[in-house]
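There are 6 protein chains.
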Amino acid sequence: MPYVNIRIAGTLSREQKKQIAEEITDTLERVGNKPKSYTYISFDEIPHENWAIAGTLLGEDK
Amino acid sequence: MPYVNIRIAGTLSREQKKQIAEEITDTLERVGNKPKSYTYISFDEIPHENWAIAGTLLGEDK
Amino acid sequence: MPYVNIRIAGTLSREQKKQIAEEITDTLERVGNKPKSYTYISFDEIPHENWAIAGTLLGEDK
Amino acid sequence: MPYVNIRIAGTLSREQKKQIAEEITDTLERVGNKPKSYTYISFDEIPHENWAIAGTLLGEDK
Amino acid sequence: MPYVNIRIAGTLSREQKKQIAEEITDTLERVGNKPKSYTYISFDEIPHENWAIAGTLLGEDK
Amino acid sequence: MPYVNIRIAGTLSREQKKQIAEEITDTLERVGNKPKSYTYISFDEIPHENWAIAGTLLGEDK
Chain A
1 MPYVNIRIAG TLSREQKKQI AEEITDTLER VGNKPKSYTY ISFDEIPHEN
51 WAIAGTLLGE DK
Chain B
1 MPYVNIRIAG TLSREQKKQI AEEITDTLER VGNKPKSYTY ISFDEIPHEN
51 WAIAGTLLGE DK
Chain C
1 MPYVNIRIAG TLSREQKKQI AEEITDTLER VGNKPKSYTY ISFDEIPHEN
51 WAIAGTLLGE DK
Chain D
1 MPYVNIRIAG TLSREQKKQI AEEITDTLER VGNKPKSYTY ISFDEIPHEN
51 WAIAGTLLGE DK
Chain E
1 MPYVNIRIAG TLSREQKKQI AEEITDTLER VGNKPKSYTY ISFDEIPHEN
51 WAIAGTLLGE DK
Chain F
1 MPYVNIRIAG TLSREQKKQI AEEITDTLER VGNKPKSYTY ISFDEIPHEN
51 WAIAGTLLGE DK
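Protein chains in written order, with UniProt numbering: chain A, 1 to 62; chain B, 1 to 62; chain C, 1 to 62; chain D, 1 to 62; chain E, 1 to 62; chain F, 1 to 62.
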């Protein structure tokens, strides 16, 4: 542990995921004292039509 | 918040997801006093062969 | 299946959870054709200080 | 209940998922006294580039 | 990875959780070729009144 | 969206959670182009005896 699950509508580039994973892992070590080797992060890229805010689906998938 | 995650085996049509999201968001406002604008809902449509009940996978994906 | 996970900050009364569970189970049967007996719903009542929106924790637990 | 979610990077064969589901359902009945018919298991097969350990993505999808 | 989340209504003894964790970790190594050291398992023990099946809460907490 | 769930064994102080939430929300805006107001983060602080690595529970709760 820790286990971090990041769920977004749409997609991120590999480069974005790489940097987000680095920064969050760093934050958890620096602030939370969690050794980097213990941190797992998974990204779930959800189709827009599978995500609703305020009762409305976000949009059609492109 | 709230965050609602709905996981089903197989798929739902866009029309079904739209109506389910509307109704659940309405329920959470009317019964739980959660303003609609705060409610996030995500749908995870799981392949049948990735879902087991009673130790048996649900079926092949079509 | 379906499996529905409802995560809120703070708590709901037993009466609220009862009615929310009934309504969501009904919605999934009526709209999604999921037999009521298959629907599992879990509620996670998260302490306010464990939930952040826009980078800010929601508040102290009372 | 119980609801078990298994998240792995990459994929498993149908045969592997079948056997894993059987064994976990058996474990939960034998050790945890949970009747087999109540156990739901879902598998999430996550693309390698969506999983990070120690701040590093696991690899490119093949 | 893998990351396994086990959600049950009520509680398990430490002894039960110990044995369930051992067996599932063994299953994932033997069947899924996942080295034991990579497997994380978390147990969520949900109050009965926070779990509904077929639209009905499971019971009062004792 | 995004929705981020952080699961750790043990607890974090309010101050740690505050800073982690700020930094992750900032990362998602700066790297992922997600407006801060859309980001929800929840922390699940799991008892040590409910978390296993390599088939072994992490320890007794203190």
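Each residue gets a CB set at the ideal place from its N, CA and C atoms; glycine is no exception. Values in this document were obtained by computation on a predicted structure and should not be read as measured data.
Same chain only: Cβ atoms within 6 Å of Ala21 of chain A, ignoring 5 sequence neighbours per side: Numbered from 1 along the first sequence, position 21 holds the residue referred to as residue 21 of chain A. The answer, listed in chain order, is Ile41.
Identify the continuous beta strand (DSSP E) that holds Glu45 of chain F and give its terminal residues. Locating residue 45 of chain F in the sixth sequence gives position 45, where the first residue counts as 1. The continuous beta strand (DSSP E) containing Glu45 of chain F extends over residues 40-46.
Which residues bound the beta strand (DSSP E) around Ala52 of chain B? Position 52 of the second sequence holds residue 52 of chain B. In the DSSP assignment, Ala52 of chain B falls within the beta strand (DSSP E) that extends over 51-53.
Contact criterion: CB-CB distance below 9 Å. Does residue 63 of chain E meet it with respect to chain C? Residue 63 of chain E is absent from the model: chain E starts at 1 and stops at 62.
Secondary structure at Thr56 of chain F, three-state DSSP: helix, strand or coil? The residue you call residue 56 of chain F lines up with position 56 of the sixth sequence. If DSSP states are grouped into helix, strand and coil, Thr56 of chain F belongs with the strands.
Count the C-beta pairs between the segment 47-58 of chain C and the segment 39-53 of chain D that are closer than 8 Å, then say yes if the count reaches three, no if not. With a cut-off of 8 Å, the segment 39-53 of chain D and the segment 47-58 of chain C do not count as touching, because too few Cβ pairs lie within range.
For Thr27 of chain F and Ile24 of chain A, I'd like the C-alpha separation in whole angstroms. Mapped onto the sixth sequence, residue 27 of chain F falls at position 27. Mapped onto the first sequence, residue 24 of chain A falls at position 24. Roughly 8 Å between the two C-alpha positions.
Please list, in chain order, all residues of the same chain as Thr11 of chain B whose beta carbon is under 7 Å from its beta carbon, the five residues on each side excluded. Here residue 11 of chain B refers to the residue found at position 11 of the second sequence. Closer than 7 Å at Cβ, skipping near neighbours: Glu45.
Which residue marks the beginning of the beta strand (DSSP E) containing Asn5 of chain B, and which one marks its end? As a position in the second sequence, residue 5 of chain B is number 5, starting the count at 1. Where Asn5 of chain B is concerned, the enclosing beta strand (DSSP E) starts and stops at 3-9.
Less than 9 Å between CB atoms is the rule here; does Glu45 of chain C satisfy it with respect to chain F? Locating residue 45 of chain C in the third sequence gives position 45, where the first residue counts as 1. Not a single C-beta of chain F is nearer than 9 Å to the C-beta of Glu45 of chain C.
For Lys18 of chain F, which residues of its own chain have a beta-carbon under 8 Å away from its beta-carbon, when the five flanking residues on both sides are left out? Reading the sixth sequence from its first residue, position 18 is the one you call residue 18 of chain F. Nothing meets the Cβ criterion.
Please go through the same chain and pick out, in chain order, the residues whose beta-carbon is closer than 6 Å to the beta-carbon of Ala9 of chain F, but skip the five residues on each side of it. One-based indexing of the sixth sequence puts residue 9 of chain F at position 9. Excluding its 5 nearest sequence neighbours in each direction, Ala9 of chain F has C-beta neighbours in its own chain below 6 Å: Ile46, His48, Trp51, Leu58, listed in chain order.
Of all the options F:Glu29, F:Phe43, F:Met1, F:Arg7, which has the alpha carbon lying nearest to the alpha carbon of Pro2 of chain A? As a position in the first sequence, residue 2 of chain A is number 2, starting the count at 1. When each option's Cα is compared against that of Pro2 of chain A, the closest is F:Arg7.
Any idea what DSSP makes of Ser37 of chain A, helix, strand or coil? In the first sequence, the residue the question calls residue 37 of chain A occupies position 37. In this structure, Ser37 of chain A counts as helix in the three-state DSSP scheme.
Is the shortest distance between the beta-carbon of Arg14 of chain F and the beta-carbons of chain E less than 9 Å? On the sixth sequence, position 14 is the one that residue 14 of chain F refers to. Taking Cβ atoms only, chain E never reaches closer than 9 Å to Arg14 of chain F, which makes this a no.
Grab me the residues of Glu15 of chain A's own chain with a C-beta within less than 6 Å of its C-beta, minus the 5 sequence neighbours each way, in chain order. Start at 1 with the first residue of the first sequence, and residue 15 of chain A comes out as number 15. Contacts found: none.
Per-residue DSSP class, three states only, for Leu12 of chain E: Your numbering for residue 12 of chain E matches position 12 in the fifth sequence. Coil.
If you count every other CB in all the chains shown that lies within 10 Å of the CB of Asn5 of chain E, and 16 or more means buried, which is it? Numbered from its first residue, the fifth sequence carries residue 5 of chain E at position 5. Under this definition Asn5 of chain E is a buried residue.
For Gly32 of chain A and Tyr38 of chain A, I'd like the C-alpha separation in whole angstroms. Residue numbering aside, residue 32 of chain A sits at position 32 when the first sequence is read from its first letter. Residue numbering aside, residue 38 of chain A sits at position 38 when the first sequence is read from its first letter. In this model, Gly32 of chain A and Tyr38 of chain A are separated by some 12 Å (Cα to Cα).
List the residues of chain I whose Cβ lies closer than 7 Å to the Cβ of Ile53 of chain A, in chain order. Looking at the structure shown, chain I is missing, and the protein chains on hand are A, B, C, D, E and F.
For Pro35 of chain D and Phe43 of chain C, what's the separation of their Cα atoms in angstroms? Counted from its first residue, the fourth sequence places residue 35 of chain D at position 35. Counted from its first residue, the third sequence places residue 43 of chain C at position 43. Their backbone Cα atoms lie some 22 Å apart in a straight line.
So which residues on chain F does Arg7 of chain C lean against when the C-beta distance must stay under 7 Å? Taking the third sequence and counting its residues from 1, the one referred to as residue 7 of chain C is at position 7. Within chain F, the residues near Arg7 of chain C are Ser42.
Under 7 Å Cβ-Cβ, which residues of chain E neighbour Gly35 of chain D? The residue you call residue 35 of chain D lines up with position 35 of the fourth sequence. What sits at residue 35 of chain D in the sequence shown is Pro, not Gly. In chain order: nothing, as chain E lies at least about 12 Å away.
C-beta neighbour in chain C for Leu23 of chain B, strict 9 Å: Taking the second sequence and counting its residues from 1, the one referred to as residue 23 of chain B is at position 23. Here residue 23 of chain B turns out to be Glu, not Leu, going by the sequence shown. Nearest CB-CB separation between Glu23 of chain B and chain C: below the 9 Å threshold.
Name, please, each residue of chain A whose Cβ falls closer than 9 Å to the Cβ of Glu49 of chain D. Residue 49 of chain D sits at position 49 when you count from the first residue of the fourth sequence. Annotation: Cβ neighbours of Glu49 of chain D in chain A (cutoff 9 Å, chain order): Arg14, Lys17, Lys18, Phe43.
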